[in-house]
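Contents: one structure, followed by commentary.
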Amino acid sequence: MITAYIKPTNFCNVGCSHCYLPEFVRANRTMMSMETFRKVSDRIKNYADQYGEGEVHVLWHGGEPLLVPMEWYDHANKVLQETGITGSQSMQTSLVPYRSEYASFIKEKMGGRLGVSYDFSSRKLNGSSEAYTDMFMSKVDMARADGLVLGVTMTVTKNELGRASEIIDWYLVHGFSTIKIERYTQHGMVYQDWVTNMEHSMFMVDLIENILALHEKNIYFSEGVTLSAIRGVMQGISGDRWGTSCVTDFLVFEPDGETSNCTDRTGKEASFGSVYQPLKMMMENETRSKIVSSHMSGENIKDHCFSCEYLSWCKSGCPLQVNEVPSERTDCSGHKYFLDHIKKILGSERRDVLLSYAKKAGISECL
Ligand code: SF4
Ligand code: SF4
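Take 1 as the starting number for the sequence shown in full-length UniProt numbering and just add one per residue.
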């Protein structure tokens, strides 16, 4: 399925230290015009038709998508309908600008589920993480009172390393039993709190160990990437960052109608051209052609991958991550250290605990 990341604005009023957008981009208050949105809608339809895809997933992204008035989404949905785009919708938001007037739209178009981003150290209000958390939780309470279900995405920075147990406790205490860990991508920018592949893998090992310890005590907590890893190691099925087809399946639309295929490339690489240009120009765009041919030719698959048992479904993971040789200190872009840990658990007396966790999280059909 084609996933269309639509960014009605790049403006954001939070200012996270790990944001993938350069500051000058997220300070730009430009909102996508309806004229541009019509072009975006046409582009999605034509692209999906070209790839023989019937349904499209529209992901409202940003910047902060809730800084855009509700009327904009009403209008945009009419345009999607007129264009003949069918499928599903979701939104990824900080929740900070949430107001109850969005609730019926989220219920009608997204089944009442809203993706929210929350991180422990990199979001601050007046320089304080605690103040940010208080404000975030007041919005969580408001959204829950409106009948919405919130799914959290969290980016791991250096400040979260070794804290999986404390982090899970915080989420459980605040009513979140399912989260998703994002890989902190350092693409075209330098971040002080960025984590290496190995550090990220070690966090994931810490996380799965703590999840299983809770599971043994009948306390349910799940995380999406751990489940994708279990599915991959057991069944050889690609998912999440492993075996990604983002290069051709994702379309990203900037507020001014510029296009690309990955939000992490925004402001750092030339775009694939504008929606005001013909589809053919986007398909033949030099930046796009380089990215697609590099991915198709397996440029990020390195020598160490050819002897790796996970290659058929990992395919070297995210193409933006450096694919280092797995060793005691370094890890590859597929986080082999973490995958090997999953495999080790499957070969140990804790296999049943791992399978029970996966089953409870709803992936029993794969086990
Ligand atoms: S070595 Fe790493 S990146 Fe390469 S296939 Fe194996 S897990 Fe994936
Ligand atoms: S290139 Fe990497 S970060 Fe970008 S969409 Fe693909 S998997 Fe995600």
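We put the CB at the ideal spot given by N, CA and C, even for glycine. Predicted model, so just to flag it, every value in this text is computed and none were measured.
Open item on the list: For Gln-81, report the span of its alpha helix (DSSP H) as first-last.
Closed with: Here the alpha helix (DSSP H) through Gln-81 covers 70-83.
TODO: For the alpha helix (DSSP H) containing Ile-181, list its first residue and its last residue.
DONE: First-last for Ile-181: 178-182, but that is the beta strand (DSSP E), not the alpha helix (DSSP H).
Task: Every unbroken alpha helix (DSSP H) inside the segment 89-145 [4 residues or more] - done: Fully enclosed alpha helix (DSSP H) runs of 4 or longer: 103-110 and 129-145.
Task: Val-292 vs Val-247 beta-carbon contact at 7 Å - done: With contacts defined as CB atoms closer than 7 Å, Val-292 and Val-247 qualify as a contacting pair.
TODO: Taking all protein chains shown into account, decide if Ser-348 is buried (16 or more other Cβ within 10 angstroms of its Cβ) or exposed.
DONE: When all chains shown are included, Ser-348 counts as exposed.
Open item on the list: Gly-257 and Ser-274 - do their beta-carbons sit closer together than 7 Å?
Closed with: Closer than 7 Å, so yes.
Task: Segment limits, alpha helix (DSSP H) that includes Phe-306 - done: Taken as a continuous stretch (DSSP letters only), the alpha helix (DSSP H) holding Phe-306 covers 303-306.
Task: Reference Gly-115, options Tyr-98, Gly-151, Gly-87 and Gln-81, closest by Cα - done: Checked all of Tyr-98, Gly-151, Gly-87 and Gln-81; the closest Cα to Gly-115 is Gly-151.
Task: Identity of the residue in Asn-126, Phe-105 and Thr-133 nearest Tyr-118 by Cα - done: Minimum Cα distance to Tyr-118 is reached at Thr-133.
TODO: Below 7 Å CB to CB, which residues in the same chain sit around Tyr-47 once its five sequence neighbours on both sides are set aside?
DONE: The answer, listed in chain order, is Ile-2, Leu-251 and Leu-279.
Task: DSSP state of Ser-260 mapped onto helix, strand, coil - done: Here DSSP, grouped into helix, strand and coil, assigns Ser-260 to strand.
Task: Cβ-heavy atom distance, Tyr-310 to ligand 1, below 6 Å - done: For Tyr-310, the distance from the CB to the nearest heavy atom of ligand 1 is below 6 Å.
Task: Residue interval of the beta strand (DSSP E) (run including Ala-358) - done: Judged by DSSP secondary structure, Ala-358 falls outside any beta strand (DSSP E) and instead within the alpha helix (DSSP H) spanning 351-360.
Open item on the list: Restricting to Cα atoms, I'd like to know which of Ala-103, Ser-122 and Ser-90 is closest to Met-110.
Closed with: The option with the nearest alpha carbon to Met-110 is Ser-90.
Open item on the list: Just to confirm the assignment, what range does the beta strand (DSSP E) spanning His-57 have?
Closed with: Segment 56-60, the beta strand (DSSP E) holding His-57.
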